[in-house]
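Okay, so here's the structure we're looking at.
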Amino acid sequence: MNTKQLKQKIAFSIFGTMSFIVVAILFIILGFIVIRGFGAISWEFLTEMPKDGMTKGGIFPAIVGTGCLVLGSMIFAFPIGVLSGIYINEYLVESWLKKFLRMMTNNLAGVPSIVFGLFGMALFVNYLSFGDSIIAGSMTLGLLALPVVIRLTEEALKTVDDNLRLGSYALGATKIQTIQKVVLPVAFPNIMTGLILSIGRVSGETAPILFTVAAYFLPRLPHSLSDQVMALPYHLYVLATSGTNMEESRPMAYGTALVLVSIVLIINVSASLLRRRIQKKNKMN
Amino acid sequence: MGKGRRIYEKIVTGILFSSSTITSLTVILIVVFLFKEGIGLFNSTPTEKNYVIAVSKVNTVPIITSNQLADIFNQDITNWKQLGGLNDSIVRLTVNDLANIFTEEELGPNLEFLPAKVNEYIKATPGVILYLSKNQLPSNFEGRVIPVKKITVKDFVGGKHWYPTTEPIPQFGIWPMIVGTLMVTFGAILFALPFGMATAIFMSEVADIRLRNILKPVVELLAGIPSVVYGFFGLVVLVPLIQQLFKLDVGETVLAGSIVLGIMALPTIVTVAEDSLRTTPRALKEASLALGASQWQTLVRVVIPYSKSGISTAVILGIGRAIGETMAVLMVTGNSSNIPTSFLQPTRTIPATIAAELGETPYGGLHFSALFALAIILFLFTIIINLTVEIIKNKNRRA
Amino acid sequence: MTQAEAKNVNVWYDDFQALKDISMTFEPNTVTALIGPSGCGKSTFLRLFNRMNDLIPLFRMEGLVTVNGQNVYSKGVRLDEMRKKVGMVFQKPNPFPKSIFENVAYGLRVNGINNKKEIQETVERSLKQAALWDEVKDSLKKSAMDLSGGQQQRLCIARALAVQPKLILMDEPASALDPISTNRIEELIFELKKDYTIIIVTHNLQQAGRISDSTAFFYLGELIEYNLTKKIFLNPDNERTQNYITGRFG
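Protein chains in written order, with the numbering used here: chain A, 38 to 322; chain B, 477 to 875; chain C, 402 to 651.
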């Protein structure tokens with residue numbers, strides 16, 4: 038073996054080892070949370086209110102709260118995001134307007150989540166006087182999800198073959214008819230994948246809900262849209278850093294982490310399974 | 477085509493257009509609201525409303541800064557000479573101190589003689605500096621109210637002390653947090669760059685399809701784990717580990733933040749770098765291999781130079797991810813507002829400061845404004861990062 | 402001595418058979434044209450001689466391929482050494498985004514030659530052989546991307562010549578070029594024949610007729626006819642060859 042090959046062998050082995058370490062990191066983190074958290078999981082844990090200074094009981098209100106916030110944010114972000122994606126991809130030719138919109142979307146996607154939190158507090162909580170409420174939190178999370186939904190919609194629309202569009206126009210269909218009857222049905226499964234991915238992103242966010250909705254301790258279900266709620270990520274933060282009795286609430290924290298991670302990962306995995314199935318189906322056609 | 481149909485199409489187009497404007501509007505609204513709340517910090521005096529600083533009439537110091545005031549109250553400055561005034565040692569007083577100097581009878585049962593006593597005391601003590609509320613000021617005041625210099629952007633960005641709630645003079649210097657943020661980010665990239673690049677290269681150039689089908693989901697899962705879970709993992713595993721390993725008093729350090737952020741920035745770097753490595757035209761790779769170059773030589777001499785701009789984009793986006801991350805850093809870096817001098821000291825980053833303090837800050841005060849001003853700085857970082865990515869992209873397109 | 406040979410070669414991509422029992426020999430200092438409709442396997446066949454097909458997933462081959470009497474697919478063979486002896490020119494000009502000089506020097510550098518003088522001499526000689534020297538001698542430091550398409554392709558030929566191969570594979574080298582550039586490449590191929598053995602895949606029948614000594618007609622993975630070019634074009638043995646040459650299918 039000459040030095041040229043030896044060099045290659047050494048370099049690729051190093052890269053392989055480092056990639057293996059990256060895989061190991063994931064399994065260490067997940068394994069740790071699963072092993073420590075599994076003991077805390079029970080029917081009561083999932084369905085009861087927290088009690089005794091959050092050292093006992095369950096996390097039911099936090100699960101419900103996260104559900105409310107995800108639903109609320111999607112009601113807001115999904116229509117606007119998909120419609121903007123359609124507009125940007127189908128209507129705008131390469132122009133300054135398209136560049137501007139794309140730049141703004143990119144900028145919005147890069148804004149740190151805590152800044153969304155501050156903005157949500159300033160606009161929804163204070164300026165529009167929604168107060169700390171589900172509606173303020175949902176809209177803040179919705180804004181955060183907006184660029185994600187737009188980008189994924191655009192990508193989904195880009196995979197639609199241009200010939201389909203041309204074929205539709207050739208038959209005398211208008212632009213909107215083409216979009217409704219040809220483009221959207223083809224792109225639909227991919228857009229759904231995008232929706233699922235943004236749900237995954239939203240359900241794990243903490244910083245945007247800190248000052249817009251999240252309650253430290255509220256052992257009841259929300260009554261209305263202007264109610265505060267507990268939420269899984271914030272609950273984990275509270276249990277980990279500022280519970281009343283940190284030692285005793287550790288098992289609760291592990292359990293919460295496991296529930297949160299499971300929810301987010303199940304969402305992400307189902308999105309990628311869906312995507313893989315679409316790709317397979319497209320290949321067969 | 478019927479008239480109804482045409483109107484319908486116009487309406488739908490209108491809806492589509494307005495949806496897409498909402499995104500742009502949001503960015504503008506974010507800027508407006510951050511500035512609206514944050515700008516109040518500048519051009520206001522750092523003393524609380526309705527309070528003044530009084531000195532003797534013979535005192536020649538024209539204006540005083542909040543840092544100087546803090547130094548005076550910490551006894552780091554003890555003579556007016558140090559501030560360019562006369563050679564008088566400084567006598568620091570608050571109104572409460574006056575209550576100890578004078579008897580209750582002298583001040584009157586409802587403090588009605590207090591203003592007179594203030595006058596008396598100030599006249600007798602040339603080196604005095606007195607912090608008092610405006611309505612305690614005598615009507616025929618015989619001292620001088622010294623103006624406090626307004627907070628400037630320079631004080632804010634360059635100030636080395638962050639004591640936002642100290643009485644009587646809070647200090648809003650964010651330099652420690654800028655240093656902390658940059659150090660944590662730098663450490664994170666130092667960790668994430670080699671591992672991220674190695675994984676990206678391994679995935680795109682070395683691994684076969686089977687191996688790649690394992691690595692890709694792993695990277696996606698890493699990206700999907702919520703930041704608070706990373707923080708929690710860091711807090712219960714990494715922090716104690718670092719504490720034992722380096723025999724520290726506390727394990728919450730810059731290092732812990734760097735490692736956690738590094739792991740979080742990994743997926744960004746891997747995904748973007750791999751995508752760009754894959755854009756290298758196959759024709760170029762084949763040309764190199766056909767000339768007898770090994771795969772490694774082709775990688776180093778052709779693939780990497782070709783995807784340079786994509787790789788730098790990956791690094792910059794990784795930095796962006798690390799700078800803005802909040803919860804994980806908040807949980808593992810220890811929240812110290814001192815300027816860290818090594819990776820084994822605690823620190824606090826800009827986003828962590830906002831998250832930690834905003835909940836306990838009264839709405840509308842200086843502290844509240846200061847936190848929004850911090851968010852402006854963070855927002856500027858983001859804009860700079862996006863612009864840089866945009867510039868790299870354009871430059872690449874032209875070449 | 403035979404420069405290159407294929408014996409009973411079969412190739413599969415997954416379960417699709419791309420080449421069926423091909424046997425051919427190539428004599429030194431000749432130009433052989435591979436013709437046939439797209440997808441007939443001629444490019445796959447060409448790429449056997451420097452094992453470029455190895456990069457394609459699910460590629461599988463049987464049979465014997467030799468260059469200079471050496472089995473290209475034997476286990477001990479070192480890919481980089483072997484590929485150095487076989488030059489290749491691709492369909493589209495694919496210069497590296499480096500300077501003109503560095504493009505030609507690339508093959509020397511990756512093969513461990515660092516002597517400055519030697520590199521300089523080889524670069525000049527190769528560019529002269531590729532008939533590009535006069536056009537670029539004053540701008541060797543310029544980026545190769547600034548050259549015209551035809552110049553880029555001649556640069557790619559110079560790049561292949563620099564490592565002094567015996568056999569040169571050309572995969573439709575003129576298909577992306579204008580007629581004048583194509584003409585220059587053809588003249589160049591004629592010149593190169595003196596020192597090298599050339600196998601060229603082409604879609605252009607006139608081109609095959611103009612430049613090649615022998616011609617092989619591929620159809621659906623089979624070698625239909627292999628003979629002197631004159632014979633193939635004027636009086637082919639096989640009816641399918643006749644039909645292809647006269648343009649009755651394509």
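C-beta: ideal position from N, C-alpha, C; glycine also.
Note that the structure is a prediction, hence the values are computed from the model and not measured.
Under the DSSP assignment, GLN418 of chain C falls in the beta strand (DSSP E) whose first and last residues are 417-427. Taking a beta-carbon distance threshold of 8 Å, ASP481 of chain C counts as an interface residue toward chain A.
The count of Cβ pairs closer than 8 Å, one atom from the stretch 86-100 of chain A and one from the stretch 270-282 of chain A, reaches three, so the stretches are in contact. Taking 9 Å as the upper bound on Cβ-Cβ separation, chain B lies near residues LEU120, SER121, GLY122, ILE123, TYR124, ILE125, GLU127, TYR128, LEU129 of the stretch 120-131 of chain A. Contacts with chain B (Cβ-Cβ distance below 9 Å) from the stretch 239-250 of chain A involve SER240, GLY241, GLU242, THR243, ALA244, LEU247, PHE248, listed in chain order. Legend: CB atoms of the stretch 142-153 of chain A lying less than 7 Å from CB atoms of chain B belong to residues THR142, ASN143, ASN144, LEU145, GLY147, VAL148, PRO149, SER150, ILE151, VAL152.
The continuous alpha helix (DSSP H) containing GLU596 of chain B extends over residues 590-600.
If one requires a minimum length of 4 residues, the alpha helix (DSSP H) runs lying completely within the stretch 184-259 of chain A are 199-207, 212-215, 221-240, 244-247, in chain order. In this structure, the beta-carbon distance from LEU63 of chain A to LEU697 of chain B falls below 8 Å. Buried is the label assigned to LEU194 of chain A, since at least 16 other Cβ atoms lie within 10 Å of its Cβ. If you ignore the 5 residues before and after VAL301 of chain A, its C-beta comes within less than 8 Å of the C-beta of GLY237, SER240, GLY241, all in its own chain and listed in chain order. Interface flag for ARG560 of chain C against chain B is set, since a Cβ pair is found closer than 8 Å. Only residues of its own chain outside the window of five on either side were considered, and among them TYR291, GLY292, ALA294, LEU295 have a CB closer than 7 Å to the CB of GLY74 of chain A, listed in chain order. Under DSSP, the beta-bridge partners assigned to ASN555 of chain B are B:SER565. Looking from the CA of ASN639 of chain C, the closest CA among C:LEU629, C:LEU621, C:ILE600, C:ILE625 belongs to C:ILE625. ALA759 of chain B belongs to the set of residues whose beta carbon lies under 8 Å from a beta carbon in chain C. Residues of the stretch 195-223 of chain A with a C-beta atom less than 8 Å from some C-beta of chain B are THR211, LYS212, ILE213, listed in chain order. Within 10 angstroms of the beta-carbon of ILE187 of chain A lie 16 or more other beta-carbons, which makes it buried. Remark: three or more beta-carbon pairs, one from each stretch, lie closer than 8 Å, so the stretch 502-510 of chain B and the stretch 137-145 of chain A are flagged as touching. With fewer than 16 other CB atoms across the displayed protein chains lying within 10 angstroms of its CB, LEU43 of chain A is exposed. Per DSSP, reduced to three states, the secondary structure at GLY168 of chain A is coil, with no helix or strand assignment. As computed with DSSP, ILE601 of chain C is found in a beta bridge with C:ALA434, C:MET571.
With 16 or more neighbouring CB atoms inside 10 Å of its own CB, SER444 of chain C falls in the buried class. Given a length threshold of 4 residues, each whole run of the alpha helix (DSSP H) inside the stretch 492-537 of chain C is given here in chain order: 501-511, 517-530, 534-537. Bounds of the beta strand (DSSP E) holding VAL604 of chain B are 604-609. Among the residues facing chain B, THR190 of chain A is not included, as its CB has no counterpart in that chain under 8 Å away.
Counting C-beta atoms within 10 angstroms of its own C-beta, PHE417 of chain C has fewer than 16 neighbours from the protein chains shown and is therefore classed as exposed. With contacts defined by Cβ atoms closer than 8 Å, ILE548 of chain B and ASN555 of chain B do not form a contacting pair.
Within the stretch 461-489 of chain C, those residues whose Cβ lies closer than 9 Å to any Cβ of chain B are, in chain order, LEU480, ASP481, GLU482, MET483, ARG484, LYS485, LYS486, VAL487, GLY488, MET489. For PHE49 of chain A, the nearest CB of chain B lies under 8 Å from its own CB, placing it at the interface with that chain. DSSP places GLY440 of chain C in no beta strand (DSSP E); its state is neither H nor E.
Think of a sphere of 8 Å around the beta carbon of ILE58 of chain A: the chain B residues whose beta carbon falls inside it are PHE671, in chain order. Within 9 Å of the CB of MET453 of chain C, the CB atoms of chain B belong to GLU762, LEU765, ALA766, in sequence order along the chain. Between the alpha carbons of PRO614 of chain B and PRO602 of chain B lies a distance of about 18 Å. Shown in chain order are the members of the stretch 823-852 of chain B whose Cβ falls below 8 Å from a Cβ of chain A: PRO827, ILE830, ALA831, LEU834, GLY835, TYR839, LEU847, PHE848, ALA851.
TYR607 of chain B sits buried, since 16 or more C-beta atoms from the chains shown fall within 10 Å of its C-beta.
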